[in-house]
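Have a look at the structure below, then the notes.
Number of protein chains: 2
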Amino acid sequence: MRDPDKPQQIIEAAIRVFARTGYYSSRVSDIAREAGIASGTIYLYFKTKEEILVTLFREKMAEFVAFLRREIAEEHDPEAKLRRLVRLHFTVLEQNAALAEVVQVELRQGHKFFRGASAHEVSAYFDLIGSILEDGVAAGRFHADLPVKVATKVLFGAMDQVATSWVLGKRGYRLVDSADAVATIFLKGVSHDGV
Amino acid sequence: MRDPDKPQQIIEAAIRVFARTGYYSSRVSDIAREAGIASGTIYLYFKTKEEILVTLFREKMAEFVAFLRREIAEEHDPEAKLRRLVRLHFTVLEQNAALAEVVQVELRQGHKFFRGASAHEVSAYFDLIGSILEDGVAAGRFHADLPVKVATKVLFGAMDQVATSWVLGKRGYRLVDSADAVATIFLKGVSHDGV
DNA sequence: ACCCGTAGAATGAACCGCGATTCAGTCGAG
DNA sequence: CTCGACTGAATCGCGGTTCATTCTACGGGT
Chain X
5 MRDPDKPQQI IEAAIRVFAR TGYYSSRVSD IAREAGIASG TIYLYFKTKE EILVTLFREK
65 MAEFVAFLRR EIAEEHDPEA KLRRLVRLHF TVLEQNAALA EVVQVELRQG HKFFRGASAH
125 EVSAYFDLIG SILEDGVAAG RFHADLPVKV ATKVLFGAMD QVATSWVLGK RGYRLVDSAD
185 AVATIFLKGV SHDGV
Chain P
5 MRDPDKPQQI IEAAIRVFAR TGYYSSRVSD IAREAGIASG TIYLYFKTKE EILVTLFREK
65 MAEFVAFLRR EIAEEHDPEA KLRRLVRLHF TVLEQNAALA EVVQVELRQG HKFFRGASAH
125 EVSAYFDLIG SILEDGVAAG RFHADLPVKV ATKVLFGAMD QVATSWVLGK RGYRLVDSAD
185 AVATIFLKGV SHDGV
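Protein chains in written order, with the numbering used here: chain X, 5 to 199; chain P, 5 to 199.
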């Protein structure tokens, strides 16, 4: 009887191993050891090493976006939604150090990720941000000719870089402490003058 | 007599090959073929494959920052400096498609780059942005308690993400057309209210 | 001008380590 | 006993790196 949550255990092990060593320098056997199983067993659940990475990203990213979407629905005005989004983005990464390492650093090997495999999950996140911005424009809270697509990338890129710096540094400070600064700069940037 | 610009030819070839195939999927022999030399020759100039990548990044990044620094010195107020910086950042990437691909997509394998080898060159860029922001604060053009470090990352991240999206997309539009939007959002974000 | 010797640049086939993947055998539950 | 999950040693292809060999440019001797 196949253990139904073995794939999950493998993924969690892979996160820790990739975080420690990086995708290309990790052996499949390392993941196996970390998961407490034999290397061959992995191939009962995943066709290739790459599939582990793709699956892990898909899953975690989808989960992340779903979580944000749920939380954000509780806020009503667009500014509050964005502030909450930024704060949660940082909080989640901060509380999952290994995952953060993988997402921020290892997943950037473009050909496989942002392009291709996980484009769908990433764009779901972009859609989430984009729709908040559109609501804000419609509600007259943000500048009427805000280029929403560019602004979406600006916010995502800003959060992403702040997070990456935090991961690459010694993590010698609390990531979430930067949340307000990032949100404030962005909100001032997209809001009507003098608001 | 060693050809003194053979290393340069190898680097230019490597940029094209890495852009096409990605670092890990490129053979050293592919770079050799692209450069019109034998694979062994590469080892007369570079100790390992990785050294090619590190050198290429170091060199191009240093060149890039030096260029920006020079251009920006021509502007006098901080806002104009930042607008020019954003515009040039995009222009350079747009005019060097292969280089853009490598820098935006391939170089993100953190263990080797942002961390380690090229940290110095990257932080030179951060310093450039940071010092413009500080000047702006000192001159009273930007918000007095602007968290300069965070703001630096916000701007860099924003440009970076807009550029990455452009590279990953089909490049079906002009990257530089987003420059004003990015600069405007950021400047409004860091400036005094009602300016 | 021509030849030849030499240094060192270039070559590319072969080597070799690595690690993803396989699969013949073991184990344990029902 | 049977079935299928699990094991992990052996396989196998890949590609970075090496190095014995070839080529080239130059200079000095005739």
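All residues carry an ideal CB built from backbone N, CA and C; glycine is no exception.
{"Item": "Give the residues of chain P in contact with G161(X), contact being defined as C-beta atoms less than 7 Å apart.", "Value": "G161, A162, D164, Q165 and V166"}
{"Item": "Quick check: the Cα distance between R37(P) and S43(P), rounded to an integer number of angstroms?", "Value": "8 Å"}
{"Item": "Identify which residue in A77(P), I19(P), S29(P) and L48(P) has its Cα closest to the Cα of E63(P).", "Value": "I19(P)"}
{"Item": "Counting only Cβ-Cβ distances shorter than 7 Å, please list the residues of the stretch 135-159 of chain X near chain P, keeping chain order.", "Value": "P151, V154, A155, K157 and V158"}
{"Item": "Who are the near neighbours of F162(P) in its chain, counting only those whose CB is closer than 6 Å to its CB and skipping five residues on each side?", "Value": "The identity of residue 162(P) in the sequence shown is Ala, whereas the question assumes Phe. Cβ neighbours of A162(P) beyond the five flanking positions: V186."}
{"Item": "Measuring only the C-alpha atoms, how far is E54(X) from F22(X)?", "Value": "12 Å"}
{"Item": "My guess is that F146(X) and S195(X) are in contact by the Cβ rule of under 8 Å, so how many angstroms apart are they, rounded?", "Value": "6 Å"}
{"Item": "Quickly, what does DSSP pair R195(P) with across the bridge? List them, please.", "Value": "Per the sequence shown, residue 195(P) should be read as Ser rather than Arg. S195(P) pairs with F146(P)."}
{"Item": "Hey, L92(P) and E75(P) are a contact pair by Cβ (cut 8 Å); roughly how many whole angstroms apart?", "Value": "6 Å"}
{"Item": "Measure the CB-CB distance between A204(P) and I189(X) and report whether it falls below 9 Å.", "Value": "Past the boundaries of the shown model lies residue 204(P); chain P is included only from 5 to 199, so the question cannot be answered."}
{"Item": "By a C-beta neighbour count over all protein chains shown, 10 Å radius and 16 as the cutoff for buried, is K174(P) buried or exposed?", "Value": "exposed"}
{"Item": "So, for A102(P): in the same chain, excluding its five sequence neighbours on each side, which residues have a beta-carbon less than 6 Å away from its beta-carbon?", "Value": "I19, R20 and A23"}
{"Item": "How would you list, in chain order, the residues of chain X whose beta-carbon sits under 7 Å from the beta-carbon of S169(P)?", "Value": "K157"}
{"Item": "What is the DSSP secondary structure of F160(P), counted as helix, strand or coil?", "Value": "helix"}
{"Item": "Take W170(P) and list the residues in its own chain whose beta-carbon comes closer than 7 Å to its own, dropping the five residues that flank it on each side.", "Value": "L179"}
{"Item": "Between which two residues does the alpha helix (DSSP H) containing R178(P) stretch?", "Value": "Counting along the chain, R178(P) falls outside any alpha helix (DSSP H), and DSSP gives it neither H nor E."}
{"Item": "With a threshold of 8 Å, establish whether the CB of F61(P) neighbours any heavy atom of the ligand MN.", "Value": "In terms of ligand content, the structure shown is empty, and the ligand MN therefore cannot be addressed."}
{"Item": "Cβ of V200(X) within 9 Å of Cβ of F61(X)?", "Value": "Nothing about residue 200(X) can be reported from this structure: the residues present for chain X run from 5 to 199 only."}
{"Item": "Alpha carbon to alpha carbon, how far is P82(P) from G193(P)?", "Value": "14 Å"}
{"Item": "Ignore the nearest five residues each way along the sequence and tell me which others in T168(P)'s own chain have a CB closer than 6 Å to its CB.", "Value": "Q108"}
{"Item": "Determine whether the Cβ of V194(P) lies closer than 9 Å to any Cβ atom of chain X.", "Value": "yes"}
{"Item": "Buried or exposed: where does P151(X) fall if 16 or more other Cβ atoms within 10 Å of its Cβ makes it buried?", "Value": "buried"}
{"Item": "Enumerate in chain order the residues of its own chain whose CB-to-CB distance from R201(P) is below 6 Å, with the five nearest sequence positions on each side excluded.", "Value": "Since the first residue shown for chain P is 5 and the last is 199, residue 201(P) is missing from the structure and cannot be characterised."}
{"Item": "From the beta carbon of L60(X), is the nearest beta carbon of chain P less than 9 Å away?", "Value": "no"}
{"Item": "A185(P) CB to nearest chain X CB: under 9 Å?", "Value": "yes"}
{"Item": "In three-state DSSP terms, what is G26(X)?", "Value": "coil"}
{"Item": "Starting from the C-beta of V199(P), find all residues in its chain whose C-beta is less than 6 Å away, skip the five residues before and the five after it, and write them out in chain order.", "Value": "At V199(P), the pLDDT of 48 sits below 50, so the modelled position is not reliable; the number obtained from the coordinates is stated separately. Result list for V199(P): empty, nothing under 6 Å."}
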